Amino acid sequence: MRYWRPFTKGIELHGCERESRAWERISPEDAHRQEVTAREILRRLKSQPGVVLADDVGMGKTFVALAVAASVAISDKQRRPVVVMVPPSLRDKWPRDFDVFSRECLPHHLSERLRSASANTGVEFLKMLDDSASTRKSIIFLTHGAMHSGLGRGIAGGWIKLAVIQRAIRRRRNLGWLRRLLHRRLGDLLEMGPVQRCYPNVWADLLEAHCADWLEVLRKHGIGPEGDDRAEIDDNPVPKAVMRALTRFDTARLEPVFAALYEIPKRTSANYSDRLSNARRTINDALRELWRDCLQDLQFRLPLLILDEAHHLKNAQTRLASLFQVPDAASDAEEIARGPLGGVFERMLFLTATPFQLGHHELCSVLERFDGICWRRACAPVSGRANFKKRLTALRAQLDAAQEASLSFDAAWGKLTVGDLALNGAAVDDAETWRTVVRTAESHSQQVQQVVACYERTGKNLREAEYLLRPWVIRHRRPDTLTGKFEGQLRRRRLPGRSILSGNGAATDSGIEVSEDALLPFLLAARAAVCMPESRPVFAEGLASSYEAFLHTRKARAVLDADTEPVDTGSMNRAAEWYLDQLERSLPTRDLRTSAKHPKVHATAERALQAWRDGEKVVVFCHFIQTGRTLRRIISGRMHEEICLLGGKKLRCSPTRAVVLLANQPPLLRHRLARSECLR
Numbered sequence: 002m003r004y005w006r007p008f009t010k011g012i013e014l015h016g017c018e019r020e021s022r023a024w025e026r027i028s029p030e031d032a033h034r035q036e037v038t039a040r041e042i043l044r045r046l047k048s049q050p051g052v053v054l055a056d057d058v059g060m061g062k063t064f065v066a067l068a069v070a071a072s073v074a075i076s077d078k079q080r081r082p083v084v085v086m087v088p089p090s091l092r093d094k095w096p097r098d099f100d101v102f103s104r105e106c107l108p109h110h111l112s113e114r115l116r117s118a119s120a121n122t123g124v125e126f127l128k129m130l131d132d133s134a135s136t137r138k139s140i141i142f143l144t145h146g147a148m149h150s151g152l153g154r155g156i157a158g159g160w161i162k163l164a165v166i167q168r169a170i171r172r173r174r175n176l177g178w179l180r181r182l183l184h185r186r187l188g189d190l191l192e193m194g195p196v197q198r199c200y201p202n203v204w205a206d207l208l209e210a211h212c213a214d215w216l217e218v219l220r221k222h223g224i225g226p227e228g229d230d231r232a233e234i235d236d237n238p239v240p241k242a243v244m245r246a247l248t249r250f251d252t253a254r255l256e257p258v259f260a261a262l263y264e265i266p267k268r269t270s271a272n273y274s275d276r277l278s279n280a281r282r283t284i285n286d287a288l289r290e291l292w293r294d295c296l297q298d299l300q301f302r303l304p305l306l307i308l309d310e311a312h313h314l315k316n317a318q319t320r321l322a323s324l325f326q327v328p329d330a331a332s333d334a335e336e337i338a339r340g341p342l343g344g345v346f347e348r349m350l351f352l353t354a355t356p357f358q359l360g361h362h363e364l365c366s367v368l369e370r371f372d373g374i375c376w377r378r379a380c381a382p383v384s385g386r387a388n389f390k391k392r393l394t395a396l397r398a399q400l401d402a403a404q405e406a407s408l409s410f411d412a413a414w415g416k417l418t419v420g421d422l423a424l425n426g427a428a429v430d431d432a433e434t435w436r437t438v439v440r441t442a443e444s445h446s447q448q449v450q451q452v453v454a455c456y457e458r459t460g461k462n463l464r465e466a467e468y469l470l471r472p473w474v475i476r477h478r479r480p481d482t483l484t485g486k487f488e489g490q491l492r493r494r495r496l497p498g499r500s501i502l503s504g505n506g507a508a509t510d511s512g513i514e515v516s517e518d519a520l521l522p523f524l525l526a527a528r529a530a531v532c533m534p535e536s537r538p539v540f541a542e543g544l545a546s547s548y549e550a551f552l553h554t555r556k557a558r559a560v561l562d563a564d565t566e567p568v569d570t571g572s573m574n575r576a577a578e579w580y581l582d583q584l585e586r587s588l589p590t591r592d593l594r595t596s597a598k599h600p601k602v603h604a605t606a607e608r609a610l611q612a613w614r615d616g617e618k619v620v621v622f623c624h625f626i627q628t629g630r631t632l633r634r635i636i637s638g639r640m641h642e643e644i645c646l647l648g649g650k651k652l653r654c655s656p657t658r659a660v661v662l663l664a665n666q667p668p669l670l671r672h673r674l675a676r677s678e679c680l681r
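Sequential numbering from 2 applies to the sequence shown in this note's numbering.
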């Protein structure tokens, strides 16, 4: 079996031999599955640019990815780092998991070779790449958005602003007075007052030296470029990529910076702050141009990118997706239009738990980001770029065919009548039984024949689409039944409709009743939907979730996340608009008590409250962000009321008095007081 990079011998995802084996992360079976998955990823990367790892939540995607990252980093002869791009919410979790992986899954001689670091800005990332091979990190955790953060943040941005100022005044004559002025004013201009006060002579030395030598100058003055006392990890405050961009920066583009420096008052006056602010704005404008130039000419190649939460790449217009765009170029001059990370990585590994909740066009859009690897060197996949595009085109066409067949099947199914759902003159309630018998029956109606034909065509197209998709996606799902202590029990039970209100968890087919005082909005929404049957009634989906979700979709704002397209209201006719206007007027705007009367919101809040009383943990998943916010407020309010009632009962006073008494107690005591009464 040929791999792109070998799986490192010694990685034990169940835990290496230690003096104490008390710690066991997962079962041997799960560890074996994870190791097989890591090996399979490395095998597939031999012939294709990337793989999507789409295991269910809790199946160990992080440790599989770390096993792949460690194997690549250890086998790379140039000791180049593997980059793991993580969302801001997980930027602390990944380093912690790496520490566990390094400590528990690697032998000592390997764990000592692997070093990691986190970069929250593009400047930090570029500076890590400047490190020598002996000090370079093996794995860099790069926060989403870091490459769009620019150059002007914090103390690191201050040194780069100084480099821009140095470039603006270079080779200009008769500027002795301006240099002397800058020696006195740079602390204020760069917002680095402590440096100015403690080391007033450092500015003159820095402006006279090349920025590549600034680290030595700062050490001479006893200054840490990072603003800390860790001299052993200090490096040059200006990354090499920024130096190269500054060298190419046209002097004419820095004329506004020079003019702003020229206007800084020699003495403190009433307009001193205004002119200083103007100079800062001008320098920041120059920094934005410098950052664009810097990103357009990144001169490094890295072995692997691991991207967590890769479903955010579904929209090619998002900032994250634009990092990897490498459009076909008719000439080398057009290649400058590529994304800043296009052509930087040799391979890509995407992680997501929800690949098939995307539309198939969005899924293909995620796969298209693999085109952003480096195709121009011997390290490129053996299949080649042309073959990659051909395979992706075939996959997209087959997914289109599968969707068209599914829609035809849905339309044919909708034409069935009650008579078509009978076998030998008797009605059939079980759809599976009807489907099995009707496929082998010799004679049936034309509508049934069409349904059977569409069913067969849909199944054929789906199987062919799965065959083309299989090389790109690896997915493991949790078993339907539990193991161990709860052997044989179903992992999940589907309780539709009114089942949420059932205390014993019994399933029912009936839906949640809509009370009379909440009936009007739903009647108006139904009428609006009837008036535009060809449109996707997103507003109706919002209303079915919560009043707030409807109002949000009605205003055509983002519904699910930052990548969601706005709701198109242009196709609505006048009748539908009238109904929606009346519906909007009938809804509360900021009345939380009325919002709590929404049928689904009320049922969800009551069920969560009952689970809280029983000492259970509850996770509520919401399709709409606004519904989640509303539920959080309502459930929190109901829990507060319950605590007050229980507190009054326990303290033998009114709930109002209990609020005052509980407010003076430590939070942990208040929680235990309420919970002890709940559990009785």
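Even glycine gets a Cβ: it sits at the ideal position worked out from N, Cα and C.
Computed from a prediction, not measured in an experiment: that's the story for all the values here.
Within 7 Å, strictly: CB atoms of residue i and residue j
i                 : j                 : result
alanine 577       : methionine 533    : yes
tyrosine 200      : histidine 222     : yes
leucine 305       : valine 73         : yes
proline 238       : tryptophan 160    : yes
cysteine 212      : alanine 246       : no
leucine 152       : tryptophan 292    : yes
valine 83         : isoleucine 140    : yes
lysine 138        : aspartate 236     : no
glutamate 549     : threonine 631     : yes
phenylalanine 351 : leucine 308       : yes
arginine 348      : leucine 163       : no
phenylalanine 102 : phenylalanine 64  : yes
proline 96        : phenylalanine 142 : yes
leucine 483       : glutamine 490     : yes
glutamine 167     : leucine 208       : yes
CA-to-CA distance, residue j to residue i, given in whole angstroms
i                 : j              : result
serine 150        : threonine 437  : 59 Å
methionine 148    : threonine 122  : 7 Å
arginine 114      : alanine 157    : 28 Å
cysteine 106      : lysine 62      : 15 Å
arginine 493      : isoleucine 501 : 14 Å
histidine 599     : leucine 584    : 14 Å
isoleucine 27     : leucine 299    : 41 Å
phenylalanine 371 : isoleucine 224 : 43 Å
leucine 400       : glutamine 451  : 22 Å
glycine 498       : lysine 601     : 9 Å
valine 69         : leucine 470    : 22 Å
arginine 171      : arginine 254   : 13 Å
alanine 334       : proline 341    : Residue confidence for alanine 334 is low, a pLDDT of 27 falling below 50, so the modelled location carries little weight; the figure read from the coordinates is stated next. Approximately 15 Å, taken between the alpha carbons.
methionine 86     : leucine 288    : 24 Å
glycine 51        : glycine 360    : 20 Å
glutamate 467     : aspartate 251  : 53 Å
leucine 647       : aspartate 615  : 14 Å
Per-residue burial, residue i [other beta carbons within 10 Å of its own, 16 or more giving buried]
i                 : result
glutamate 125     : buried
glutamate 514     : exposed
lysine 10         : exposed
phenylalanine 313 : The residue asked about is misnamed: residue 313 is histidine in this sequence, not phenylalanine. Label assigned to histidine 313: buried.
histidine 109     : exposed
phenylalanine 38  : Correcting the residue identity first, residue 38 is threonine in this sequence and not phenylalanine. It is buried - the Cβ of threonine 38 has at least 16 other Cβ atoms within 10 Å.
valine 568        : Summary for valine 568: the model assigns pLDDT 43, below 50, so the residue's position carries little reliability, and this model does not support an answer.
glutamine 35      : buried
alanine 423       : exposed
glycine 343       : buried
alanine 708       : This structure cannot settle anything about residue 708, because the visible part of the chain is limited to 2 through 681.
tyrosine 580      : buried
histidine 33      : exposed
Q.
Just to confirm the assignment: which complete alpha helix (DSSP H) runs, minimum length 4, are found wholly within the region 110-175?
A. 123-130 and 155-170
Q) If you pair each beta-carbon of the region 455-471 with each one of the region 391-407, do three or more pairs fall below 8 Å? A) yes
Q.
Report the start-end ranges of each alpha helix (DSSP H) in the region 482-527 that is 4 residues or longer and not cut off at the edges.
A. none
Q) Enumerated in chain order, which unbroken segments of the beta strand (DSSP E) with a length of 3 residues or greater are wholly contained in the region 40-67? A) 51-54
Q. Hey, is the region 247-260 in contact with the region 282-291, meaning 3+ C-beta pairs nearer than 8 Å?
A. yes
Q. What beta strand (DSSP E) runs, 3 residues minimum, are completely inside the region 68-101?
A. 83-87
Q: Could you tell me which uninterrupted alpha helix (DSSP H) segments, each at least 4 residues in length, are contained entirely in the region 345-392, listed from first to last along the chain?
A: 361-369
Q) Which ranges would you report for the alpha helix (DSSP H) in the region 641-665 if only whole runs of at least 4 residues count? A) 656-664
(Q) For a minimum of 4 consecutive residues, which ranges assigned as the alpha helix (DSSP H) are wholly contained in the region 214-252? (A) 215-222 and 241-249
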